[in-house]
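Okay, so the sequence shown: first residue is 20 according to our numbering, each after it adds one.
Take a look at the structure set out below.
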Amino acid sequence: MRNAAIAQPVTVAAQARPRRRSLRVLGAALPLAVVVALRGTFALQLTAAQYVPLHTAIELAVTAMLLATFAVQWFAAGSRGFQDTRARVLGSALLAAAIFELLHALVFPGMPGFFGEGTTERGITYWLAARTWTVAALVAAPLLAPGSEGPLLRRRALVAGSAVAIAAVIAFDLLVSPGRSLFFEPGVGLTPLKLAVESTVAVVAAAGALVHARIARRTRDRARGRLSWALWLTALGEISFALYAHAYDAFNVLGHLYIVGAAVFVFDALFLAALVKPYAELDALRAHVEDELEVTIARLRERTEQRDDLLRAVSHDLRTPLQVVLLKASRLVRTAPEEHGRAARSIIGASRRMDRMLRDLADSARSESGQLALARQPVALHAAVAELLGEADGALEAGRVSNAVSPELPPADADPDRLERILVNLVGNALKYSTGPVTVGAARHGAELRVFVRDAGPGIAPEDQARIFERYVRGGAVRQEGLGLGLFIVRRLVEAHGGRIWVESAPPEGSTFSFTLPVAG
């Protein structure tokens, strides 16, 4: 029952839409019905001085709209992003229609004329050409497939066809119709030929309006709906022009107003299809992409936070039992027999390597989230390096490392614990990737201390040097243990101190890793 209750208003609304459309169609025909009803009561007829300026303004407005529509359709049809045969056909046809409208305005009674004086007969000639050409294009062109191809559907062929049609109508006007009353007899009115042509154009326009209206309802194509209205107003205009008895009477005025309305709908429909609709689709796509990007960024931020929380939790929870292992191993070194002491020292070395990995994970998460805090104080570099090598306890091959840092250097402004991490990672890497001696040195450069770790290993390839400080990247051809976080953490720690780090290497002559620290005080 609930579904039925919901569906009922939708059904009523769907049924109401055709009724509203029918009312609008009848409303458009109402002015014509009123003029027809009042025809026998009194005749509305303007003077030439009153009507000619109005007629000229209307025709120039229609001509301008047709030329603007031609320009939009024609140049859009030639672009790579809008290859549409229908646009080419409509563009060339509307260009011809605009010229016919302009010639109609020039040869209308009371105007200067075009290769002769203006008469009602000549005006009707160009008028019928404009209406026939426009209606044929509006009915036929939208029914073509957008990708239709053929020799006659190319731009030059279509323009040539319109030019031939214009030349033919002008030739007919200048060579055949002068002195004849094919469409209008003064004092009598419209001829049967004129009524037949107008009626045919009106019927074709009304049928085209019905076809486009049905397609518009099915496809929800707003441009099709506008073309349907343009053809319906053209049909009403043609009916008006089939009823007038004088060039300045009410039916003529009303017919021109209908044609102005039709030109407005044509301009709206085709301008919309060629320019406004693509921009609207692009704007909708941009908004969709922005929404998707915001969602993606939010999800990435959430995943990053979850990853960092997991890394911090894992590193903290694993370091607690690891400390127990180190304590027990240290006790075994002091109390156990020599053979057990060697095993205990191996456990201590492996545990310290694991501890460094866990601290790397934790500091990686902290640096990404901006929570890496430093406890800075003056640190004597010579003493710091000596202490590091003296307490290596098997974690580093201290015998291969020489301390070339001068005791005379001023202290660095650094976090002792993080500085030890930097040196352990750099010295450890140098020992890991080389078999020769490793040198740790330092020198002062203004307000900075440059610390370097030099090895005699195989060196680092140029393509690896550019990315060696990135996360999870390991250089060298030999597969080594580790997470690939060491140099990434070193870079983060150095940058947290306000320094910079770089590598100089020329394979196979070894590598020199250098970083800077501020001088204390």
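Quick reminder that beta carbons are idealized off the backbone N, C-alpha and C, glycines included.
Note that this is a predicted model, so its numbers are computed, not measured.
At the C-beta level, T104 and L172 come within 8 Å of one another. A direct Cα-to-Cα measurement between I479 and H307 gives close to 45 Å.
Spatial neighbours of A466 in its own chain (CB-CB distance under 8 Å, excluding positions within 5 residues in sequence) are listed in chain order as P537, V538. Here A184 has A115, W152 as same chain residues with Cβ atoms under 7 Å from its own Cβ, once five neighbours each way along the sequence are excluded. When DSSP assignments are scanned along the region 415-502, the uninterrupted stretches of beta strand (DSSP E) that are 3 or more residues long and fall wholly within it turn out to be 420-422, 431-433, 457-464, 467-474. In this structure, the beta-carbon distance from S453 to Q484 does not fall below 8 Å. When rounded, the separation of the alpha-carbon atoms in G529 and G505 is 19 Å. In the DSSP assignment, S200 falls outside any alpha helix (DSSP H) and carries neither an H nor an E.
If you check the CB distance, V154 and V223 come in under 8 Å. Comparing alpha carbon positions, the residue from L438, E168, D192, A52 closest to G256 is A52. Look at the region 180-237 and you find no whole run of alpha helix (DSSP H) that is 4 residues long or longer.
A281 places its beta carbon less than 8 Å from that of L252.
In this structure, the beta-carbon distance from K213 to I143 falls below 8 Å. Looking at the DSSP output, E523 bridges to T531.
The Cβ neighbour count for A232, taken over all protein chains shown within 10 Å, is at least 16; the residue is labelled buried. Shortest Cα-Cα distance from L157 to any of I441, K347, A112 involves A112.
Our two residues, Y145 and E217, have alpha carbons roughly 13 Å apart in a direct line.
Under the three-state reduction of DSSP, D310 is assigned to helix. Beta-bridge pairing by DSSP links Q396 to A433.
If the five residues before and after M130 are omitted, its C-beta is found closer than 8 Å to the C-beta atoms of V71, T75, A124, G137, all from its own chain and listed in chain order. Counting along the chain, the unbroken alpha helix (DSSP H) around E140 starts and ends at 139-159.
If you compare the alpha carbons of V492, F507, L468 with that of G518, the shortest gap goes to L468. Taking 8 Å as the cut-off, the beta carbon of L177 is found closer than this to the beta carbon of V108. Between the alpha carbons of R43 and A159 lies a gap of roughly 25 Å. Between R378 and the set H275, E416, L512, the nearest pair of CA atoms involves L512. Between the region 361-377 and the region 417-436 there are fewer than three C-beta pairs closer than 8 Å, too few to call the two in contact. The residue from G227, A515, I234 with its alpha-carbon nearest to that of L391 is A515. Its Cα nearest to that of D192, the residue L122 stands out among P456, P211, T238, L122.
Rounded to whole angstroms, the gap between the alpha carbons of V492 and R510 is 13 Å. Around the C-beta of H275, 16 or more other C-beta atoms lie within 10 Å, and the residue is accordingly described as buried. The alpha-carbon of L346 is positioned some 36 Å away from that of T531. Note: L536 is bridge-paired with L468 in the DSSP secondary-structure output.
Buried is the label assigned to A106, since at least 16 other Cβ atoms lie within 10 Å of its Cβ. The DSSP-derived three-state label of D328 is helix. Rounded to whole angstroms, the gap between the alpha carbons of R141 and D302 is 49 Å.
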